[in-house]
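Novice: All letters in the sequence shown, in the order written, are residues 1 to 287 by the UniProt record's numbering. Beta carbons: idealized from backbone N, C-alpha and C, even for Gly. There's a structure below that I have some questions on.
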Amino acid sequence: MSALRYVTKLQGRRLLVLGGSSGIGFSVAEAALEHGADVIISSSNEARLRKAVDRLRTGIVNPAIPLGSGPGSENQSSGSGTLSEESPRISSVTCDLANAATLEKNIASALELATAGRTCLLDHVVFTAGAPLKIVKVPDATVQAVQDTNLVRVVAPIILAKLLPLYTHQSAASSLTLTSGVTTNRPTPGWALLVSAGAAVEGLARGLAVDLKPLRVNVVSPGAVHTELFADIPEERLQSVLDTFKTNSLTDTVGTPGELAEAYLYCMKNTFATGSVIVADGGRLLI
């Protein structure tokens, strides 16, 4: 049998997932590990990151790169944080994206750590980080509310893109994948601020695809996905909420983080895809 051509496309590649400690980002990290990538996950919560790394290390099923060997296996440290774990296959770095005053410094520090001081450049970056879902309707909008809505969702990806050329291999084999949401094209009443943030991300990706070439830039637009955020819904209401989401899909299901991870894998593996919005919404836009 000839050498595998498709499932090995991420083997030995270096991936940073911002927002990788839970939900879709965690599943992207998990999927990339199965494909043989070296993965660094990031979020603002160090304890949550450590738990996520433990789960990912336990779940590695395709050790294409032996644990504890290879470039970048040494612990790295710098000022505001450390790159945890000894294995090059899975590690973590804390990065607070919700503080405007230190945002650029925090992202730069995370990139320095994730690349061992630019000695191990990134091949792919996935941005699934988000802020707590706070619905502010237009009649109640303030300048601060608009800024809060956009800081993590829009401003952080812009600053990330500003810094990224120094930390990534410059070829069409490398990519940045952002995240929007199906409400961008099918607005929910009262969600105008969040809809505008999603639209900004999709426009940003198209602009970055031009400005950052040959690095590829794409967006994944998820529909309703059953993540840890559902834990905030009272148990007596949860099934009703899930049933509503199922009704608003053609698949009669709610998406899973694992299903969405496939979309991010596509964006990383397809070297001819850039400036695209990949929709995975169970057919929501058709209803």
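In chain order, what are the residue ranges of uninterrupted beta strand (DSSP E) at least 3 long that sit wholly in the region 93-142?
Specialist: Whole beta strand (DSSP E) segments, 3+ residues: 124-127.
Novice: What does DSSP give as the partner residues of V53 in its beta bridges?
Specialist: DSSP, once it has assigned bridges, lists no residue as partnering V53.
Novice: Is it right to say Y6 is buried, meaning 16 or more other beta carbons lie within 10 angstroms of its own, or is it exposed?
Specialist: Classification of Y6: exposed, given that the 10 Å Cβ count is below 16.
Novice: If distances are taken between C-alpha atoms only, which option among Q144, K134, S42 comes closest to A110?
Specialist: Closest option to A110, Cα to Cα, is S42.
Novice: Beta carbon of S92, beta carbon of D123: below 8 Å?
Specialist: Contact flag unset, no.
Novice: Using the DSSP secondary-structure output, state which residues sit across from N218 in a beta bridge.
Specialist: DSSP lists T177 as partners of N218.
Novice: Taking A37 as the reference, give the member of V28, F26, R14 with the closest Cα.
Specialist: When only C-alpha atoms are compared, the closest one is R14.
Novice: At a cut of 8 Å, does the region 220-227 reach the region 249-256 through at least three beta carbon pairs?
Specialist: The answer is yes - the region 249-256 touches the region 220-227, with three or more Cβ pairs under 8 Å.
Novice: Once the 5 residues before and after A98 are set aside, which same chain residues still bring their CB inside 7 Å of it?
Specialist: Taken in chain order, the residues that qualify are S44, A131, L151, V152.
Novice: In or out: C112 buried (at least 16 other Cβ within 10 Å) or exposed?
Specialist: Strictly speaking, residue 112 in this sequence is Glu, with Cys absent from that position. Buried, because 16 or more other Cβ atoms sit within 10 Å of the Cβ of E112.
Novice: Would you kindly report the start and end of the unbroken beta strand (DSSP E) that includes residue 294?
Specialist: Given a span of 1 to 287 for the chain in the structure shown, any question on residue 294 remains unanswerable.
Novice: Is there contact here, the region 157-165 with the region 204-220, by at least three beta-carbon pairs under 8 Å?
Specialist: Touching, per the Cβ criterion.
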